[in-house]
Structures are given as C-alpha cells and as structure tokens.
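Have a look at the structure below before the remarks.
Residue numbers (this note's numbering), protein chains in the order written: chain A, 13 to 272; chain B, 45 to 506.
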C-alpha cells in the first residue's frame, strides 16, 4: 500500500505522540497520582517540563499516561471492530439469505440507537471500567465495517473472477485472499483510521461527562474537565489535553487519506 | 458535392508521445467515410478530436474545417446536435436509465430545436416510428435489447437535425441481423449530410460503401474507395483484417474426431428460467469427448445461461444434466469468460495466479513453457497483472490456465466478442485446436453464426 504525503504526515504525527506516551511514562520520575501541594499549577519548568496541575501532579506523567491510554483503547477497538465487522460482512454474503437477514436485523437494531448513547449506557452500568468502554465502543463501531464490507463483497462474489477461482477448485480462504480482501482493504483501512479517531473522541467525551475512566487515572477528557475551572489562571494546563486530542484526531484523519 | 468536413494533418499527442500520427481526410456530402482498424488503433481518438471531446491531457495539432471554415474546438462544440453529432459507442451509457424512451427524444426536439411540448412529443413519436420503435415509447432503456437501445440512441442523437454524423463502433456487440439494421438506419439518416463511421467490422465497411481509411497503431495504412480497397487490398494489415472475418475463415473444426468416443454429458428435457422468464424448454442433447459444440441465438435468448446450467452455476427448473465422465473432478469443468480482465484478480501478477493453480493441483511445472509457446504468450506477461495485458493475450492466458487443469469440458462464453477480428480469429483457432488436442469438449457461445459454422461439429440454435 502506497501512502500519500499527507498520510505520511498523519502517520508520523501519530508515531510521535505514541513515542511521547511511551517515553514519557517510562522515564518520568513522578507517578500519575503523586501530589505535591507545595507547587500547584506551576508553569513548565526544568523539574516539571509541562508544569503541574491543581494538585501539584506532574502534567508530563499525566499527559503521557492519558495519551497512552487513548492509543491503547483506540487500537484494541479498531482491531476488534474491524475484525468482527469484516468477518460478519463477508459471512453475510457468503452464508446465504438466512445469515444475511439475521445479521441485517442485528445491525439495523444497533443503527437505530445513537452510538454515543449506547456507549454511555454501558459506561453508566460500570463506570471507570476500561473493559466495558472497550466492549461498548467496539460494539458500536463494527457496524460500519460490516455495512461497507458486505456491500463490496456482494459485487466480488458475483464477479467472474471469483467464480472462475471457485470452479478451478480454490477454497474459500484463497477466494477471500485473492478476490475479496484486495477489494475491501482500502475501505477497511480508511474506516479503521476514522474509527481510531472516533474511539478516542468517544472516550474523551465520556471522561468529560465523568462516566468514563475515573480519577485518579489520567484520561484526556477527564483532564479537560478537571482543569477547566482554572482556564484563566493556568491556560497552558487546559490547553495541553485539548491540543493533544486535536492532534490525535488530525493524525488519524490525515492517515485516512482521501479515499472513501 | 460540397466538402462538409476537412481535416489537415490532425494529430493527437499526450505529452511528447504521438498517439495518432498526422492524418488528413475529407468528408463530402453523400459519400460516407469509414475508418477501419482494430481496437487501440486510434480510431476513437480521431472522432473525439473532430468533435472536440478529447480530455485536456491530450493535445491536438492540425486544422479541422467544418463547412469549409476552420474552426476551433469551442466553435465546433457550438455545432453539437444541430450540425455535428457523434453516436456513442455503448448506447446504454448515453441513455437516461430512468426516463421513458419517448421523453428522451422529446427533450431533444424541445431543447435543441426549441419546439413546444406538444410539437416535440409529436416529432419524437414520429422519429421513433421511423426507426421502428413506436411500441416502446413508454418503456425505460433497461427494458430494451442492445439493438433497440442503439436505434433509440440514434433517434435521439439525430433529432437535432445534424447532417454530419460520426458513429463510433455503432454495431459493437450486436447480432448480425441487428447490425445490418443499424447500418441501414445510419445510411438513411445521413442521406442529406454525411456519415463518418468507425468500426472494426469489415462487413459494416462493405455495407456502407463510400471511402475507406485503414488504421493501425495510430497510423494510416491504406486509403481509397471501400470496394476497391476491400477487393484488392494493398497492405498486409488490410489483408489480415479482411481474412479475419469469420465468413471467410477456412473450416477449423478439427477433423480427427473419433466416432467411438464416449458421451461425457447428457442433457435431457432441460428447462431454464432467469428472472421469471422461461428461456428454453425441452432441450435435449449430448456432448461427446472432444466435441466442439456451438450455441447460436439472438442476444438474451439464454445462450450463456445454458452454459452456466451445464456447469451447475444456474439451477434448472426441470430436466436432467448428467455428467457421465465419473473420473473427471469438478475443477475439470471450466468456463472461459467474455470479458477477460473481469475473470482475473488484479491484485497479483498473472504469474502468481498461475503458481497458485500449479500448487493447488500439483501440476507439472514443465508443462507451462511449451503451452505458452503454443499460445504465443510472451514470458513477460507473467510479471504483469491482468490490467496491464491486452485482451487477446489475457484470453489466451485464460486458455492456458484452463488447459493446465486437463479439462474435460470448457464452456467458452463469447470468448472473442470483446476482441478485434484478427485477435479473435487467433484466439478461436487456438482454443479449438488445443482443446481437441487435449480431448476436451468445448461449448462455444457466439452471436456470430458464421464463426460457429466454421468451428463447430454440432450447433444448438436457441
């Protein structure tokens, strides 16, 4: 797969943020919850490179952890939902009318509910659980893959090329590898990039309304809402999670490219 | 006789590469001009250059005069519909799929000629009557056959009263009977102006008469009166084109057919329907080992569906299809497709596809090279994918792929209808000779009755 310049830009942005998250969490001398009430809301300095928050916790450690958490969530969500969505999408076409109908009913039910509401529902049942957040977001996101993959696969299944491979005795895995995957992969990659961005946004939104990850863990949405009261005294603190969210989303969207 | 259209050294370039070498021609009133050549010889580029339809990446040089006046691209576009019109290659793509047929013609009278609604409708009905389509005015284009759609497209295109008609492959993919009808219609339409036809069909050129240009690879090969050129061609290429017409082929059906061979397939009282319409009923025949069976019939009569039914790709309504050759495995019943590129995965090289088959069925790798030589396939095509190879090469490659599997039955669904005549002849000859050499029965479907007559032992008419 050849990447365009803007896709390279998006990828390097994401890799840079990932490196910040990893290096930041490994090398920082301060833990996420370590308070120092003698130095609260300090501007960036040599001891605290990104300053400290209203409890005197190191912003660098917290930002690194928050970014790492966002990446981890978006990665597992994208992997799970793309795998499930693609598998079900192909199965719906290949498995015959009954399978297709059953899956379509399930998907229509999910589509009828606004995605964020479903996630909010799950998150409210078990606040602060990373696992539940992950399940809820994946549950919402696989539908998109399913619909796109199913539509494309329907054409490929009808194509003479696949029919000819089948007649020559090739098995289903080969037909998937040679015919279906090349047709769906560009769309799946694009969806995955947008999906990654959406997962991060969803988690941040839940953090913002305090049903997502719970304190004292650092999470971008949670940090935005916690630092919001101090926006006039310490604007550099509130800016950090906001800028990082924007950069993350920008990175994923650039990576998605122009192909739809 | 006035000169309607005159080209002086018109050439087409992309960047510095010449796609169409400088060509000069004159189109005079009442004297049709036909450009003959195979696909990719630059015929369509010339028509697009005349119309002013070329993509902006291409550059045109030379002068184009219309009615004795040199005109720029923009000025020629002003003449569209009223003076100058081009008939599209595939009528389906130029008709509105959701509009009633009569309305599509009415619009022309209304918008181009400025008639009011009632007059336009009356004119349109009259026009449809003239092309023999008065009964389909209320249908949509998808309910029409290829020939009807082409006639409708002609009616709509010429409704504006254009006298100079450019027809780009107007008979592509049409049955012989339909083709003759279209040619006659074009002739009558251009009676007061002139007709420039682009075709690869020698018969069409012969029917149109007038003057003829033969083109090859963007160059003019031969020029003259149609009858003179076709009866005593001077150039080798022209001769090859004429010899590729199925009606003048020598019989290529293999003679060495043994009479004591076994039946491999028996069809008894077969009835097949598609889309709720019964295509044929009570069809019975048997196929012997190594037979070449032709299937002819008008388009839409179920020729391809018959082959698909024999391969179990379509379930028949009733009747019996018995495969008697028990030793043959399912993958030895194969199909060759009409449109070669659509029958291959474009994601990997052809060589990879070949390797896949060799691996799957444990085929002796040394068989490939001699077979490729027989099919005159260059080694280089194995590194390319199916989109980077010409249609003829690709169809020969699919024959190669099929033969490697030692087929007992091959269903060739119009295998050459998308190829130009010279390549078509090559491919058909190779297919028939190699298949019978390998003892494989072939079911050959074609809309060209002459081709079937020359190649098959047994003909099924639907």
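For each residue, glycine too, the CB sits at the ideal point set by N, CA and C.
Note that the structure is predicted; figures quoted are calculated from it, not measured.
Check: According to DSSP, is residue 329/B part of a helix, a strand, or is it coil?; Outcome: strand
Check: At 9 Å on the CB atoms, spell out the chain A contacts of residue 392/B, in chain order.; Outcome: 190, 194
Check: Would you call residue 452/B buried or exposed, if buried means 16 or more other Cβ atoms sit within 10 Å of its Cβ?; Outcome: buried
Check: Using the beta-carbon count (16 or more within 10 Å), is residue 98/A buried or exposed?; Outcome: buried
Check: In the stretch 147-179 of chain B, which residue ranges form an unbroken alpha helix (DSSP H) of at least 4 residues, counting only runs that do not cross its ends?; Outcome: 161-174
Check: Are there 16 or more other CB atoms within 10 angstroms of the CB of residue 58/B, so buried, or fewer, so exposed?; Outcome: exposed
Check: Among the candidates 85/A, 113/A, 64/A, whose CA atom is the shortest distance from the CA of residue 231/A?; Outcome: 85/A
Check: Do you know whose CA, among 267/A, 251/A, 129/A, lies nearest residue 209/A's CA?; Outcome: 267/A
Check: Terminal residues of the continuous alpha helix (DSSP H) containing residue 196/B?; Outcome: 190-202
Check: Starting from the beta carbon of residue 360/B, find every residue of chain A whose beta carbon is closer than 7 Å, and list them in chain order.; Outcome: Those do not exist, as residue 360/B stays about 18 Å from chain A at its closest Cβ, beyond 7 Å.
Check: Decide if residue 438/B is buried, meaning its Cβ has at least 16 other Cβ atoms within 10 Å, or exposed.; Outcome: buried
Check: Compare the C-beta of residue 126/A against all C-beta atoms of chain B and say whether one is closer than 9 Å.; Outcome: no
Check: Flag this pair as yes or no: are the beta carbons of residue 234/A and residue 225/A separated by less than 9 Å?; Outcome: yes
Check: Can you list, in chain order, the residues of its chain whose CB lies under 6 Å from that of residue 209/B, leaving out five sequence neighbours each side?; Outcome: 129, 234, 239
Check: Give a yes or no on whether 9 Å exceeds the smallest Cβ distance from residue 176/A to chain B.; Outcome: yes
Check: Can you pull the chain A neighbours of residue 374/B, defined as C-beta to C-beta under 8 Å?; Outcome: 179, 181
Check: Go to residue 453/B, then tell me how far its beta strand (DSSP E) extends in each direction, as first and last residue.; Outcome: 453-457
Check: Taking its Cβ as the centre, do 16 or more other Cβ atoms sit within 10 Å of residue 143/B, making it buried, or is it exposed?; Outcome: exposed
Check: With a threshold of 9 Å between beta-carbons, can residue 201/B be considered close to chain A, or not?; Outcome: no
Check: How do the stretch 250-262 of chain A and the stretch 45-56 of chain B stand: do at least 3 beta-carbon pairs fall below 8 Å, yes or no?; Outcome: no
Check: Taking the DSSP output, what are the residues bridged to residue 54/B?; Outcome: 67/B
Check: At which residues does the beta strand (DSSP E) containing residue 485/B begin and terminate?; Outcome: 485-489
Check: Mind checking residue 356/B: buried by the 16 CB within 10 Å criterion, or exposed?; Outcome: exposed
Check: In the DSSP output, which residue or residues are listed as bridge partners for residue 242/B?; Outcome: 79/B, 212/B
Check: Does residue 271/B pass the burial test, meaning 16 or more other C-beta atoms within 10 Å, or should it be called exposed?; Outcome: exposed
Check: Which partner residues of residue 338/B appear in the DSSP bridge assignment?; Outcome: 488/B, 503/B
Check: With C-beta atoms as the reference, is residue 66/A less than 9 Å away from residue 53/A?; Outcome: yes
Check: Where DSSP assigns a beta bridge to residue 268/B, which residues make up the other side?; Outcome: 256/B
Check: Restricting to Cα atoms, I'd like to know which of 454/B, 319/B, 387/B, 415/B is closest to residue 429/B.; Outcome: 387/B
Check: Give the DSSP-derived three-state secondary structure of residue 108/A in the structure shown.; Outcome: coil
Check: Within the same chain, show all residues whose beta-carbon is closer than 6 Å to that of residue 218/B, passing over the 5 residues directly before and after it, in chain order.; Outcome: 190, 191
Check: Could you give the first and the last residue of the continuous beta strand (DSSP E) run that contains residue 107/B?; Outcome: 102-110
Check: Along the stretch 142-176 of chain A, where does the CB come closer than 9 Å to a CB of chain B? Name the residues.; Outcome: 171, 172, 173, 174, 175, 176
Check: Beta-carbon within less than 7 Å of residue 189/A's beta-carbon, same chain only, minus the 5 sequence neighbours each way: which residues are those?; Outcome: none
Check: Considering only residues of the same chain and omitting the five flanking positions on each side of residue 502/B, which have a CB-CB separation below 6 Å?; Outcome: 337
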